[in-house]
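Reading through the structure tokens given below for one structure.
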Amino acid sequence: MPDAGEVEILRRCQEGDEEAFRQIVERYQRRTYWIAYHMLGNYETAREISQEAFVRVFRNVARFDIRKNFYTWLYQIVVNLTIDRMRKMSHAKTVGLEGLGGVADPLPPPAETGEKTELRRRVHGALDRLPPKYKAVLTLRDIQGFSCQEIAEIVDCTNATVRWRLHRARRLFRALWEGRPSGSLDDDSPASAS
Amino acid sequence: MDMSCDDIRDLLPLYAGGELEDAERILAEAHLDGCASCARELDLYREDRARLAELRGDEPPAGTWARLQDGLQAELFPRRRSRYAFLLRLAAALLAGLALGVVFHKGRREAPAAPGSGTHEVVDAGALRALPAAAVRVPFVPVPRAPRANPEGRHHLPRVESFPPPDERDF
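Chains as they are written, first to last, in our numbering: chain A, 1 to 194; chain B, 195 to 365.
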């Protein structure tokens with residue numbers, strides 16, 4: 001359940017209050033940005049995705065039921081936009097149009113030692129090779145710390161499907177980290193997936 | 195019920211993150227207590243989770259938040275800025291028009307009437323008795339007077355007399 005303060009801010013957003021919207025952006029911009037970044041591995045693309053997500057929120061907030069958790073809705077938009085972008089980038093690579101949809105190579109954060117930078121490159125390298133749906137649940141769970149139930153609401157599937165994807169994602173990540181053949185990396189789903 | 199290492203290894207990815215159901219967790223813990231190989235593999239999954247969790251402390255390039263907010267401002271609220279500028283321009287235009295109107299009107303009132311123009315109104319005889327009517331062109335400004343009672347006790351409607359404003363009297 002959302003807190004009363006946020007409900008009031010959202011109500012003002014629904015009336016087009018610019019200041020209320022600014023408060024929403026300040027409250028959620030960091031997490032929004034990092035979800036997009038850790039799935040895409042590019043700072044500029046993550047900023048574009050974040051901006052697009054907040055634009056969609058502002059333009060559709062009048063239809064949002066403020067009794068529900070706002071962050072679930074926001075992060076659902078972010079994850080969907082990010083997955084769409086990942087698929088475009090993947091398609092661009094397939095047809096030889098690399099670079100048009102944004103660079104997928106991770107950039108090291110500023111002021112870091114070489115060892116940490118190399119570690120981050122390896123982690124992002126393994127993440128980048130995961131299918132989008134597995135990368136999404138792994139990012140939301142192991143990087144952002146959401147519960148399985150919250151992830152289920154964000155990605156709009158059952159708790160069981162989230163656990164199944166998490167299971168697959170961690171096994172694939174382990175295999176990629178060790179450089180072992182990981183079998184099929186296709187985005188297969190269990191029969192019970194919604 | 196004893197589970198084989200293959201069965202337990204299948205549970206380890208979720209055991210590492212605390213996502214197992216209670217029954218599965220109890221079975222896994224019972225096996226792990228006595229199996230070093232599975233315990234090592236569990237540690238590897240936990241290390242993977244720790245590496246991913248370290249990414250949480252990243253900082254973006256300088257100016258990221260400002261650029262995000264500026265981008266939102268430009269995309270969602272650009273009309274607010276142009277509307278404000280439009281109102282300023284409108285106000286400036288109105289003031290300029292008003293100023294020009296005042297100057298123009300004042301200039302017309304100060305200009306002397308040409309002789310023989312034939313423009314004259316009835317004025318208070320006491321004020322302009324000495325002046326020929328054609329010499330001065332005065333604006334007509336009706337000034338209502340209070341009604342005066344007639345000998346029979348009935349009030350007439352006020353007689354409106356033309357009377358020039360004080361600053362226009364020329365005597």
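No residue lacks a Cβ here, since even glycine has one placed at the ideal position from N, Cα and C.
Note that this is a predicted model, so its numbers are computed, not measured.
- At the C-beta level, B/Asp242 and A/Phe173 come within 8 angstroms of one another.
- Look at B/Arg283: its C-beta is not under 8 angstroms from any C-beta on chain A.
- Of the residues A/Asp17, A/Ala175 and A/Met89, the one whose Cα lies closest to the Cα of A/Ala126 is A/Ala175.
- Interface with chain B (8 angstroms Cβ-Cβ cutoff): A/Glu153 is excluded.
- Look at A/Tyr43: its C-beta is under 8 angstroms from a C-beta on chain B.
- At a beta-carbon threshold of 8 angstroms, none of the residues of chain A lie near B/Asp237; the nearest stands roughly 12 angstroms away.
- Between A/Arg27 and B/Tyr239, the C-beta gap is not smaller than 8 angstroms, which leaves the two residues out of contact.
- Where A/Ala36 is concerned, the enclosing alpha helix (DSSP H) starts and stops at Glu18 to Leu40.
- Against chain A, the beta carbon of B/Leu289 has no neighbour under 8 angstroms; the closest one sits roughly 29 angstroms away.
- Contact note: B/Arg250 reaches chain A through Trp34, Ile143, Gln144 and Gly145, using a C-beta cutoff of 8 angstroms and chain order.
- Uninterrupted alpha helix (DSSP H) stretches at least 4 residues long and entirely within the region 201-277 of chain B occur at 216-226, 230-248 and 258-270, given in chain order.
- Among the residues facing chain B, A/Trp73 is not included, as its CB has no counterpart in that chain under 8 angstroms away.
- Exclusion of the five residues before and after A/Ile83 leaves Met39, Pro132, Lys133 and Ala136 as the residues of its chain whose Cβ lies within less than 8 angstroms of its Cβ.
- Closer than 8 angstroms to the CB of A/Cys157 there is not a single CB belonging to chain B.
- Around B/Tyr209, the same chain offers Arg219, Ala222 and Leu236 as residues with beta carbons nearer than 7 angstroms, after the five sequence neighbours per side are excluded.
- Against chain B, the CB of A/Gln29 has a partner CB under 8 angstroms away; the residue lies at that interface.
- For A/Lys68 and A/Glu153, the gap between their C-alpha atoms comes out near 11 angstroms.
- Selection A/Ile49, A/Val55 and A/Arg56 evaluated against A/Met86 yields A/Ile49 as nearest (Cα-Cα).
- 8 angstroms or more divides the Cβ of A/Glu52 from the Cβ of A/Leu10.
- Boundaries of the alpha helix (DSSP H) harbouring A/Val7: Ala4 to Gln14, taken from the DSSP string.
- The criterion of a C-beta distance shorter than 8 angstroms is not satisfied by A/Asp142 and A/Gly41.
- With a threshold of 8 angstroms between beta carbons, A/Gln23 makes no contact with chain B.
- Residue environment: B/Pro207 is assigned as buried (16 or more neighbouring CB atoms within 10 Å of its CB, all protein chains considered).
- Between A/Phe70 and A/Glu6, the gap from beta carbon to beta carbon is short of 8 angstroms.
- Here A/Val61 has Cys13 and Gln14 as same chain residues with Cβ atoms under 6 angstroms from its own Cβ, once five neighbours each way along the sequence are excluded.
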